[in-house]
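**Student:** Starting off with a structure, shown below.
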Amino acid sequence: MTAAPTTPRPYTLIAELTYRCPLRCPYCSNPIDYQAHKNELSTEDWCRVFGEAEELGVVQLHLTGGEPLARKDLELLAARAREVGLYVNLVTSGIPLTRERLEGLARAGVDHVQVSVQSSRASLADEIAGYPGHTKKLEVMRWVKELDLPLTMNVVLHRANLDEVDELVALAEAVGADRLELANTQYLNWALSNRDVLLPTREQIERAADKAAPHRERLRGKMDVLFVKPDYFGDTPKACMDGWARRFLQVVPDGRVVPCHAATSITSLVFDDVRTQSLKQIWETSPALLAYRGEAWMQEPCRSCDKRALDFGGCRCQAFALTGDAAATDPACHLSSNRAAIDAAHAGAEAGADTGAATGTRRYLYRGRTAP
Amino acid sequence: MLVIDAAFVPRLAKKARLKLDRHANKYMIIYPERGLELNDAAAAIAKKCDGSRSVGVIAEELAAEHEGAPRNAIEQDVITFVSMLRDKGLLDLR
Chain G
393 MTAAPTTPRP
403 YTLIAELTYR
413 CPLRCPYCSN
423 PIDYQAHKNE
433 LSTEDWCRVF
443 GEAEELGVVQ
453 LHLTGGEPLA
463 RKDLELLAAR
473 AREVGLYVNL
483 VTSGIPLTRE
493 RLEGLARAGV
503 DHVQVSVQSS
513 RASLADEIAG
523 YPGHTKKLEV
533 MRWVKELDLP
543 LTMNVVLHRA
553 NLDEVDELVA
563 LAEAVGADRL
573 ELANTQYLNW
583 ALSNRDVLLP
593 TREQIERAAD
603 KAAPHRERLR
613 GKMDVLFVKP
623 DYFGDTPKAC
633 MDGWARRFLQ
643 VVPDGRVVPC
653 HAATSITSLV
663 FDDVRTQSLK
673 QIWETSPALL
683 AYRGEAWMQE
693 PCRSCDKRAL
703 DFGGCRCQAF
713 ALTGDAAATD
723 PACHLSSNRA
733 AIDAAHAGAE
743 AGADTGAATG
753 TRRYLYRGRT
763 AP
Chain C
-5 MLVIDAAFVP
5 RLAKKARLKL
15 DRHANKYMII
25 YPERGLELND
35 AAAAIAKKCD
45 GSRSVGVIAE
55 ELAAEHEGAP
65 RNAIEQDVIT
75 FVSMLRDKGL
85 LDLR
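Set out below in structure tokens:
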């Protein structure tokens, strides 16, 4: 008999303010059916949520989306979050943004800006994003540094841009980024739909990781270079979100409280809504958050695995997407009886490695265009 | 890599906010998407990393505040802590 886990303290609130976005990236973490969720929380709802999050112990706030700039009340929200003491990270595509609005956001209390970049080359970047925004992003990153705000340049890596590590580091240095996140695609939601076109080969991953390592050393203390290897290429799963509903909590545009970006894809769960309950009540009692918190839900081989406190059984969304059972061992684990689902995807990537970047034969499934 | 010695004058980077965490009643340094929980000794050093005094002076002050504490050992602790801040990019080096 396992004792009920004590309620952990959340440190980070991911506030997905909207699913609206001018970009259409084929690895978007928003739900496939995002257009069905148009009932966005009001300014007052979000302001209350920020206060309740701080009371629960949250210190970091990510204002994200979709594109958070699509919210006309973003300045108000940033100001409220700062007022209750949160560290305000703005996670943005930089589009649509003017220098005046960025100055207003800095005045309101944004502490740090993370800008997404799709490639070091404008033509490829715009093709990946499904939107001609690369040049604007470079300008936005310059503004961020001119306003003396810390800047993270974030690049989601996949087959088409994984060979650009040196160029991406050079770009990040040129714009004066404080952090560079080279984050390999996680194959969930849109990225899972586009997996055949996005998944790199093992050789490509190893080459990119080898290129990133010396930059990381060279730039230590000046620019933080993160290279996040994708779980598809390891033997053990990632410690997804540091455990389900443990350190992170996320509120999606329509007010449901989830443990991570992809969790609404687990259709066997019903997530509770901040419009009908307090954040505290949801964090402590929501059946969906309790479902995979701690270890009581684990099946074999996780249940008796000596790594279960390190990787928490991996990613529940991936388990659900690839096996239909969110309580299954993450198929990224070599001990999973479903590991073949990952290996088959690798075989497809190896077979398709000659197509793509060089020949312009990529065929992404883009998310639909919505008015920003 | 910048060497941290007794003469170095540390100042926390603008992006790093030293904050008393009211939940744990401990100081933390929060910075982009990360946080660092400080023990009491580290917090005492961090509070003095404001660009107004050198590592050596910080060690002097801490030794004076804790009577009988060996100054040289404290200076080593300050150097270790400030070097960690340097490696995390949390020092203002301008």
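Protein sequences, first through last, are from chains G and C.
The numbering of the first sequence is the numbering used here, which starts it at 393 and goes up by one.
The numbering of the second sequence is the numbering used here, which starts it at -5 and goes up by one.
All C-beta atoms in this analysis are idealised placements derived from N, C-alpha and C, irrespective of residue type, glycine included.
Using 8 Å for Cβ pairs, my map puts MET22(C) next to LYS13(C). What's the rounded Cβ distance?
**Tutor:** Confirmed, about 6 Å.
**Student:** Quick check: LEU574(G) and ALA605(G), are their CB atoms within less than 8 Å of each other?
**Tutor:** no
**Student:** Give the secondary structure of ALA38(C) by DSSP, where H, G and I count as helix, E and B as strand, and everything else as coil.
**Tutor:** helix
**Student:** Could you pull the start and end residues of the alpha helix (DSSP H) that GLU408(G) belongs to?
**Tutor:** From DSSP, GLU408(G) is part of no alpha helix (DSSP H) but of the beta strand (DSSP E) over 404 to 408.
**Student:** List, in chain order, every chain G residue whose beta-carbon is nearer than 8 Å to that of LYS89(C).
**Tutor:** With chain C covering -5 to 88 only, the question about residue 89(C) has no answer from this structure.
**Student:** Say whether chain C places a C-beta atom closer than 8 Å to the C-beta of GLY486(G).
**Tutor:** no
**Student:** When you compare the CB of MET22(C) with every CB in chain G, is at least one pair closer than 8 Å?
**Tutor:** yes
**Student:** Which residues does DSSP pair with PHE344(G) in a beta bridge?
**Tutor:** Here chain G covers residues 393 to 764 and nothing more, so residue 344(G) does not appear.
**Student:** Please return the same chain residues whose Cβ sits closer than 6 Å to the Cβ of LEU611(G), not counting the five positions on each side in sequence.
**Tutor:** VAL617
**Student:** Per DSSP, which residues does THR544(G) bridge with? Please list them.
**Tutor:** Residue pairing by DSSP puts THR544(G) in a beta bridge opposite GLN506(G), ARG571(G).
**Student:** What did DSSP end up calling ARG648(G) once you bin it into helix, strand or coil?
**Tutor:** In the structure shown, ARG648(G) sits in a strand (DSSP, three-state: E or B).
**Student:** Would DSSP call LYS430(G) helix, strand or coil?
**Tutor:** coil
**Student:** Quick one, which residues of the region 590 to 616 of chain G are near chain C if we go by CB-CB under 8 Å, in chain order?
**Tutor:** ARG612, GLY613, LYS614, MET615, ASP616
**Student:** Using a Cβ-Cβ cut-off of 7 Å (strictly less than) and excluding sequence neighbours within five positions of PRO402(G), which residues of its own chain qualify?
**Tutor:** LEU448, GLY449, VAL450, ARG639, PHE640, LEU641, TRP675
**Student:** Please go through the same chain and pick out, in chain order, the residues whose beta-carbon is closer than 6 Å to the beta-carbon of ALA749(G), but skip the five residues on each side of it.
**Tutor:** Model confidence at ALA749(G) stands at a pLDDT of 47, short of 50, so the residue's coordinates are unreliable and nothing is read from them.
**Student:** Expressed to the nearest angstrom, what Euclidean distance is found between the alpha-carbon atoms of ASP665(G) and HIS60(C)?
**Tutor:** 51 Å
**Student:** Does the separation of the CB atoms of THR435(G) and LEU482(G) fall below 8 Å?
**Tutor:** no
**Student:** At which residues does the beta strand (DSSP E) containing ARG28(C) begin and terminate?
**Tutor:** 28 to 31
**Student:** Would you say the region 702 to 717 of chain G touches the region 561 to 580 of chain G, given that touching needs at least three Cβ pairs under 8 Å?
**Tutor:** yes
**Student:** Taking DSSP as the reference, what is the three-state secondary structure of LEU6(C)?
**Tutor:** strand
**Student:** Counting contacts by CB-CB distance shorter than 8 Å, is GLY83(C) in contact with chain G?
**Tutor:** yes
**Student:** Alpha carbons only, please: which of ARG47(C), LEU56(C), GLU55(C) is nearest the one belonging to ARG5(C)?
**Tutor:** ARG47(C)
**Student:** Can you find the residues in the same chain that come closer than 8 Å, C-beta to C-beta, to GLU565(G), ignoring five residues on each side of it along the sequence?
**Tutor:** LEU611, MET615
**Student:** Would you call the region 622 to 631 of chain G and the region 405 to 423 of chain G in contact, with 3 or more CB pairs under 8 Å?
**Tutor:** Output reads no: the region 405 to 423 of chain G does not touch the region 622 to 631 of chain G.
**Student:** Determine, using beta carbons only, whether VAL480(G) and LEU516(G) come nearer to each other than 8 Å.
**Tutor:** It is not a contact, given that the beta carbons lie outside the stated cut-off.
**Student:** Could you work out which residues of chain G lie near GLY29(C), taking near to mean beta carbons separated by less than 7 Å?
**Tutor:** TYR403, VAL451, GLN452
**Student:** Applying a beta-carbon distance threshold of less than 7 Å, which residues of chain G neighbour ARG65(C)?
**Tutor:** Chain-order list of chain G residues neighbouring ARG65(C): empty, with the shortest C-beta distance near 27 Å, by a criterion of under 7 Å.
**Student:** Does the Cβ of SER696(G) have 16 or more other Cβ atoms within 10 Å, making it buried, or fewer, making it exposed?
**Tutor:** Under a 10 Å Cβ-count criterion, SER696(G) is classified as exposed, with fewer than 16 other Cβ atoms of the shown protein chains found around its own Cβ.
**Student:** Measure the C-alpha to C-alpha separation of ARG571(G) and VAL509(G) and round it to an integer number of angstroms.
**Tutor:** Put simply, the backbone Cα of ARG571(G) is about 13 Å away from that of VAL509(G).
**Student:** Can you check whether the C-beta of ASP570(G) is within less than 8 Å of a C-beta belonging to chain C?
**Tutor:** yes
**Student:** If you draw a straight line from the alpha carbon of ASN66(C) to that of LYS42(C), how long is it in whole angstroms?
**Tutor:** 17 Å
**Student:** Within the 8 Å Cβ cut-off, does ASN576(G) reach chain C?
**Tutor:** Cβ-Cβ to chain C under 8 Å: no for ASN576(G).
**Student:** Check each candidate in ARG440(G), HIS429(G), GLN427(G), ILE406(G) and name the one with the smallest Cα separation from ARG667(G).
**Tutor:** ARG440(G)
**Student:** What residue range does the alpha helix (DSSP H) around GLN796(G) cover?
**Tutor:** In the structure as shown, chain G starts at 393 and stops at 764, and residue 796(G) therefore has no counterpart that could be examined.
**Student:** Assuming ILE23(C) is part of the beta strand (DSSP E), what are its boundary residues?
**Tutor:** 20 to 25
**Student:** Does LEU523(G) have its Cβ less than 8 Å from a Cβ in chain C?
**Tutor:** Position check: residue 523(G) holds Tyr in this sequence, whereas Leu was assumed. No, its Cβ sits nowhere closer than 8 Å to a Cβ of chain C.
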